[in-house]
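K.L.:
Quick one: this structure, given as structure tokens, is what I'll be asking you about.
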Amino acid sequence: MTNRYQEAYDCSIQDPEKFWGDAAREIDWIKPWDRVLDDSDAPFYR
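As structure tokens, this is what we get:
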């Protein structure tokens, strides 16, 4: 595995909200999102 991949993987496991928030910022949104992770129906996250 490449170092960059391993760093991304580690981040996704250690802090999934930050990982997905950073990924979402790379997309142009019509309406900005207000929550990164919806945990209202845990363990089924969205």
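All residue numbers for the sequence shown refer to my numbering, where the first residue is 356 and numbers rise by one.
Glycine included, C-beta positions come from ideal geometry on N, C-alpha and C.
In whole angstroms, what is the alpha-carbon distance linking D394 and W388?
P.N.:
15 Å
K.L.:
Going by Cα to Cα distance, which pick from I368, A378 and P398 is closest to V391?
P.N.:
A378
K.L.:
If you run the structure through DSSP and keep just helix, strand and coil, what is R359?
P.N.:
helix
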